[in-house]
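Colleague:
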Amino acid sequence: MASSPSLLFAAAVTTLTFLSVHSVKLPFHPRDVLPLLPRQISWPILNSLHGAVDLLPTFVGSASSPNDSFEWKGACFYQNTAWMEFHNKTGSEFGGGTLHLKVSKPHSWTCMDIYVFATPYTVTWDYYLLSREHTLEFKEWQGKDEFEYVKNRGVSIFLMQAGMLGTLQALWDVFPLFTNTGWGENSNIGFLEKHMGASFDQRPQPWVTNISIDDIHSGDFLAISKIRGRWGGFETLEKWVSGAYAGHSAVCLKDSEGKLWVGESGHENEKGEDIIAVLPWDEWWEFELNKDDSNPHIALLPLHPDIRAKFNETAAWEYARSMEGQPYGFHNLIFSWIDTIEDNYPPPLDAHVVASVMTVWNQIQPAYAANMWNEALNKRLGTQNLTFPDILVEVEKRGSSFDQLLTIPEQDDWEYSDGKSTSCVAFILEMYKEAGLFGPIASSIQVTEFTIKDAYMLKFFENNSSRLPKWCNDGDTVKLPFCQIKGKYRMELPLYNTMETYPHMNERCPSLPPKYSRLQNC
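The numbering of the sequence shown is the working numbering, which starts it at 38 and goes up by one.
Given below as structure tokens:
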């Protein structure tokens, strides 16, 4: 029987792979011809080689002067050297520069390397196909600050490690994470399974619990995991970098008449703004059941009776009402994740990549950048109104580094231009502080340093399954230590309810996947 062309092609690729493994020099690499295969053959192979994470660039070094040249191994070219030559071809006050890149020893004749180049004021990119010396012109520095920065720190060079093919594949993998489709949901699940080791075991129906609100009390924690749409994609990336198995949270409150409410930082109002809101339970639950298109999975984490006895309901309500209507805490969102110089960044992320992303956003949407990190970085420097490029230059002038700046703990009492800044979990934990749950060490706890994982790990919750409500996990074959009240897949919260409180907790904790191990008392 004659073989089909695709099978013959696949066999040829297999043979070439064998030859390449055994050091036979080939004009092209087997990966380079995969796009020529039929989609049903090539895409499963491409998916195994590349994923959404490959969209992130890898920092390889900084080029400052011919005397400080450095070498690295690229994805295509295995021997590379870079250095910066300063000049003044335009006759301007500070001149410009030429970045030299010498690339050689490609693994095949058909591969290429893609690079991103960044200073605090400029981001550009280029690609290289040929073994030779290439140049990239910076015709004129944007003033003294950029000139001094490049002279001292150099131009940062980032390699797109997956190459052109892998980068396109990564874009294809990232796009569905944010789509409100079954494809998007499966993509988010696949990402979390691959990069976090998460499991998505299907629960027996019904997937919505028939709740009795009489069994829900003030202070009970709601852990929420969204797996499709805009927020589903955002939460997937948040979970990956922080190790949290939930991406959103809310808190229950009962008023003096016994009516149940939900306090939530991140509620979208009629204007499309994300704000802090206190909503009647029925309204909140109706939305989650019938209007939230992110397919939220929700777990109720009841407080332990001893903790509940300490919960000052009056103080909690006073805090909630004082924050109602305030904007969601975008200012300090990323700082709960970054505690260390290098042990919070899943590869290929690092502080250099974070800085380059911030530089790009600062140029595209300066108002967004100011809201997300500029004010918080100014707080850490003790400065006001510095733009992101100015922040990087100021750090350089002080003899510090951007990665060190990112690790400075957030302070709960910092006031931003639009008031106190609390993310979903910081809002809940600040309420816990006001309600007395952190006891005498409350003043040494900065809840804005907590991730959602840090919150559900607190030893605040019910540890006796016999005291959980009768409807808790009703019908499920697996009895969880908390009450999952919505969702097709069984939620998991590793290390749930295990961590005692201590001063300055969660200010210096590593969080690298897939285990996300933390140091004692970090």
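Each residue gets a CB set at the ideal place from its N, CA and C atoms; glycine is no exception.
Everything numeric in this text was worked out from a predicted model, so none of it was measured.
Once the 5 residues before and after Leu297 are set aside, which same chain residues still bring their CB inside 7 Å of it?
Modeller: Ile250, Ile253, Cys289, Lys291 and Trp318
Colleague: I'd like to check one pair, Phe107 with Phe195: are the Cβ atoms closer than 7 Å?
Modeller: With respect to the 7 Å criterion, Phe195 and Phe107 are not classified as neighbours on the basis of their beta carbons.
Colleague: In the DSSP assignment, find the alpha helix (DSSP H) that holds Tyr526 and state where it starts and stops.
Modeller: Neither: Tyr526 is in no alpha helix (DSSP H) and is coded neither H nor E.
Colleague: Between which two residues does the alpha helix (DSSP H) holding Thr377 run?
Modeller: It is not in any alpha helix (DSSP H) - Thr377 carries neither H nor E in the DSSP assignment.
Colleague: Contact check, Leu31 vs Met494 under 8 Å by CB: the rounded distance?
Modeller: Summary: the structure shown does not reach residue 31, with the chain confined to residues 38 through 559, and so no result is reported for it.
Colleague: If we ignore side chains and look at the alpha-carbon of each, how far apart do Pro518 and Leu530 end up?
Modeller: 10 Å
Colleague: Where does Ile194 sit, in a helix, a strand or coil, going by DSSP?
Modeller: If DSSP states are grouped into helix, strand and coil, Ile194 belongs with the strands.
Colleague: Count the C-beta pairs between the region 416-435 and the region 330-337 that are closer than 8 Å, then say yes if the count reaches three, no if not.
Modeller: no
Colleague: Among residues of its own chain, excluding the 5 on either side of Gly221, which ones have a beta-carbon nearer than 8 Å to its beta-carbon?
Modeller: Pro213, Leu214, Phe215, Arg265, Gly266, Gly269 and Gly270
Colleague: Going by DSSP in three states, Arg240 sits in which element: helix, strand or coil?
Modeller: Under the three-state reduction of DSSP output, Arg240 falls in the coil class, being neither helix nor strand.
Colleague: Alpha helix (DSSP H) containing Gly266: first to last residue?
Modeller: For Gly266, the uninterrupted alpha helix (DSSP H) run begins and ends at Gly266 to Ser279, by DSSP.
Colleague: CA-CA distance, Ala406 and Gln557?
Modeller: Looking at the two C-alpha atoms, the distance is approximately 34 Å.
Colleague: In the DSSP assignment, the alpha helix (DSSP H) including Lys231 goes from what residue to what residue?
Modeller: Gly219 to Met233
Colleague: Check for me: the beta strand (DSSP E) holding Met121 runs from which residue to which?
Modeller: Where Met121 is concerned, the enclosing beta strand (DSSP E) stretches over Phe114 to His124.
Colleague: Straight-line CA distance for Pro383 to Thr351?
Modeller: 42 Å
Colleague: Run the CB neighbour count on Glu323, radius 10 Å, all protein chains shown included, and call it buried at 16 or more, exposed below.
Modeller: exposed
Colleague: What would DSSP say about Ile312, mapped onto helix, strand or coil?
Modeller: strand
Colleague: Looking at Ser460: is its Cβ nearer than 7 Å to the Cβ of Leu370?
Modeller: yes
Colleague: Can you round the beta-carbon distance between Val484 and Lys496 to whole angstroms, since I take them to be within the 8 Å contact cut?
Modeller: That pair is no contact at about 16 Å.
Colleague: According to the Cβ coordinates, are Phe175 and Gly133 closer than 7 Å?
Modeller: yes
Colleague: Given this structure, state the Cα-to-Cα distance separating Ala472 from Ile226, to the nearest angstrom.
Modeller: One C-alpha to the other measures close to 36 Å.
Colleague: State the CB to CB distance for the pair Pro94 and Leu429, rounded to an integer number of angstroms; the pair is presumed to be in contact (CB under 8 Å).
Modeller: Pro94 to Leu429, Cβ: 17 Å. No contact.
Colleague: Compute the Euclidean distance between the alpha carbons of Asn510 and Gln521, then round it to the nearest angstrom.
Modeller: 6 Å
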